[in-house]
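Input: a single structure, listed below in structure tokens.
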Amino acid sequence: MKRLIRNLSRCTTAAAALATFAIFLPGAQAADLKVGLSVSLSGPNSSLGVPYAKGMQAALAYKGEVNGRKIQLVVLDDGSDPTTAGRNARKLVEEEKVDVLMGTSGVPAAIAMAQVGRDSKTALIGLTPILLDPAENPWVMTVAQPTQLMIDAVVERMKRNGVKSVGYIGFSDAWGDLVYNALMKAAPAAGITVLGNERYARADASVTGQVLKIVALKPDAVMTGGAGTPGALPFLALQERGFKGGVYGQHGLINPDFVRVVGAAGQGALMPTGPVIVAEQLPADNASKKIGLDFRAVFQKVNNAPTTDAFSAYSFDGWLVFADAASRAMTKAEPGTPEFRVALRDAIFSTKELVGVHGVYTFKPGSLYGVDERARVIVKLENGQWKLAP
Numbered sequence: 141m142k143r144l145i146r147n148l149s150r151c152t153t154a155a156a157a158l159a160t161f162a163i164f165l166p167g168a169q170a171a172d173l174k175v176g177l178s179v180s181l182s183g184p185n186s187s188l189g190v191p192y193a194k195g196m197q198a199a200l201a202y203k204g205e206v207n208g209r210k211i212q213l214v215v216l217d218d219g220s221d222p223t224t225a226g227r228n229a230r231k232l233v234e235e236e237k238v239d240v241l242m243g244t245s246g247v248p249a250a251i252a253m254a255q256v257g258r259d260s261k262t263a264l265i266g267l268t269p270i271l272l273d274p275a276e277n278p279w280v281m282t283v284a285q286p287t288q289l290m291i292d293a294v295v296e297r298m299k300r301n302g303v304k305s306v307g308y309i310g311f312s313d314a315w316g317d318l319v320y321n322a323l324m325k326a327a328p329a330a331g332i333t334v335l336g337n338e339r340y341a342r343a344d345a346s347v348t349g350q351v352l353k354i355v356a357l358k359p360d361a362v363m364t365g366g367a368g369t370p371g372a373l374p375f376l377a378l379q380e381r382g383f384k385g386g387v388y389g390q391h392g393l394i395n396p397d398f399v400r401v402v403g404a405a406g407q408g409a410l411m412p413t414g415p416v417i418v419a420e421q422l423p424a425d426n427a428s429k430k431i432g433l434d435f436r437a438v439f440q441k442v443n444n445a446p447t448t449d450a451f452s453a454y455s456f457d458g459w460l461v462f463a464d465a466a467s468r469a470m471t472k473a474e475p476g477t478p479e480f481r482v483a484l485r486d487a488i489f490s491t492k493e494l495v496g497v498h499g500v501y502t503f504k505p506g507s508l509y510g511v512d513e514r515a516r517v518i519v520k521l522e523n524g525q526w527k528l529a530p
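Numbers in the working numbering are just positions in the sequence shown, counted from 1, shifted up by 140.
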């Protein structure tokens, strides 16, 4: 049987186990639709990439065909490297002849994939926020929430908690920029002053120097702009320095590895996320409650473990968006053709009120994003568990 996952020599043990499952996925040879996924199964972003890949396997089990046509999934590891992500995207388009691209585990790598999508006229359904001009990238859309939407919710909570000044520490890359810029836009209207702009690399082992600078500014609270396991560093360093103010995060930290590494230093931290993280705690009339619980059930069945992260759920929603659009595109063109890729892109951008686990999706040309306020809730980390904090 044709391998569904390649370039896994550098994978972690967890990723290797995932690869074994995917290689023997039944029915893949007869696929009539083809999805290409590039994620970080190894490297600093693997704590995000492995959940993305596991979520995609759950999605395939949940909906493995469209209009009677089977779906084949091809997964490549980008090693947490944007250059490799771009190369993977090109391989998926040129060699695997995929109908759609999905990925990846970081903003810089997603931007690299978007370039290939634009050049090859293949839709990229991003699984992470993407900082691009939609007018110049008409083949790109993302199921992630806009960073501004999420940071607005954090700033609203800061204001409610009486915060007047906030320090900032985040990644020294596009994700760190996205969070900082959103904070700078939202804070003034809430009467909050942003103090400092400290950065660190995803591969750094310590942020003591940066945290010392922030603490010296004496902010009421600190906002962090990290993701996954490396996102725990500021929390740990602030605890070591005896910082008594609130420490806020964002949706890039909704990850079991972050929870494990941050330990007691993350106790009480507030951050935004999609409703799926607390699906069982949502009110009965929440649009995403039922499908969120369905996703958890199929993820458990496929992966023999529960899901406690936001990233596998983005993959699931990306799959739902693709499958919904493909059902309409197939009435206009045959999968595997340039005409189908155009029809699929157009169908995605005509998606209306599609209920997913992270929110309700309505896409339109000229916008990368498809969600609104229904795609965010505030949660608090309590004893290693996420609790809804309305």
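Ideal placement from N, C-alpha and C gives every residue a C-beta, glycine not left out.
{"query": "Closest Cα partner of V495 within the set L200, D259, V416 and A263", "result": "V416"}
{"query": "Short Cβ contact (8 Å threshold) for G189 with V179", "result": "yes"}
{"query": "Backbone secondary structure at R381 - three-state DSSP", "result": "coil"}
{"query": "Which residues DSSP lists as bridging R135, in chain order", "result": "Within the shown structure, residues of the chain are numbered from 141 to 530, placing residue 135 beyond reach of any answer."}
{"query": "Terminal residues of the alpha helix (DSSP H) in which G496 lies", "result": "Run containing G496: none; DSSP gives neither H nor E here."}
{"query": "Three-state secondary structure assigned by DSSP to R209", "result": "strand"}
{"query": "Short Cβ contact (8 Å threshold) for G257 with L264", "result": "yes"}
{"query": "Contact under 8 Å by Cβ, T477 with T491", "result": "no"}
{"query": "CA-to-CA distance, A345 to F383, given in whole angstroms", "result": "20 Å"}
{"query": "Collapsed DSSP secondary structure at M134 in the structure displayed", "result": "An answer regarding residue 134 cannot be provided, because it is not within the stretch 141 to 530 covered by the chain."}
{"query": "Same chain, Cβ closer than 7 Å to A427, five either side skipped, listed in chain order", "result": "V495, V500 and R514"}
{"query": "Buried versus exposed call for M411 [16 or more other C-beta atoms within 10 Å across all chains shown]", "result": "buried"}
{"query": "Strand pairing of A361, partner residues [DSSP]", "result": "V306 and G386"}
{"query": "Inter-stretch contact (C-beta, 8 Å, three-pair minimum) for the region 269-284 and the region 346-355", "result": "no"}
{"query": "Burial state of P446, where buried means 16 or more other Cβ atoms lie within 10 Å", "result": "exposed"}
{"query": "Assigned exposure category for T471 - 16 Cβ within 10 Å defines buried", "result": "exposed"}
{"query": "At least three beta-carbon pairs within less than 8 Å, the region 286-303 to the region 333-347", "result": "no"}
{"query": "Status (buried if at least 16 other CB within 10 Å, exposed otherwise) for S507", "result": "exposed"}
{"query": "DSSP-derived helix/strand/coil call for I518", "result": "strand"}
{"query": "Supposed contact pair I291 and Q390 - C-beta distance, whole angstroms, cut 8 Å", "result": "6 Å"}
{"query": "Three-state secondary structure assigned by DSSP to S178", "result": "strand"}
{"query": "Selection from T262, V294, A361 and P370 that minimises the alpha carbon distance to F462", "result": "T262"}
{"query": "6 Å CB neighbourhood of G406 in its chain, flanking five on each side removed", "result": "F375 and L521"}
{"query": "Reduced DSSP secondary structure (H/G/I, E/B, other) of G226", "result": "helix"}
{"query": "Residue span of the alpha helix (DSSP H) that contains I394, given as start and end", "result": "Looking at the DSSP string, I394 is not in any alpha helix (DSSP H), and its letter there is neither H nor E."}
{"query": "Inter-residue Cα distance where the pair is M324 and Q285", "result": "18 Å"}
{"query": "Nearest residue (CA-CA) to G307, options A529, N321, Q255 and T364", "result": "T364"}
{"query": "Sheet register partners of T333 (DSSP bridge)", "result": "S305"}
{"query": "Candidates N277, A466, G403 and D512: closest to L173 by CA position", "result": "A466"}
{"query": "Three-state secondary structure assigned by DSSP to K237", "result": "coil"}
{"query": "At least three beta-carbon pairs within less than 8 Å, the region 427-437 to the region 203-214", "result": "no"}
{"query": "Alpha-carbon spacing of G349 relative to S312, whole angstroms", "result": "15 Å"}
{"query": "Per DSSP, the bridge partner or partners of V214", "result": "G176"}
{"query": "Q212 to M196 span [Cα, whole Å]", "result": "11 Å"}
{"query": "Straight-line Cα distance separating G366 from L528", "result": "21 Å"}
{"query": "Rounded C-alpha distance that separates L400 from G524", "result": "Checking the displayed sequence, the identity of residue 400 turns out to be Arg instead of Leu. Computed Cα separation, rounded: 8 Å."}
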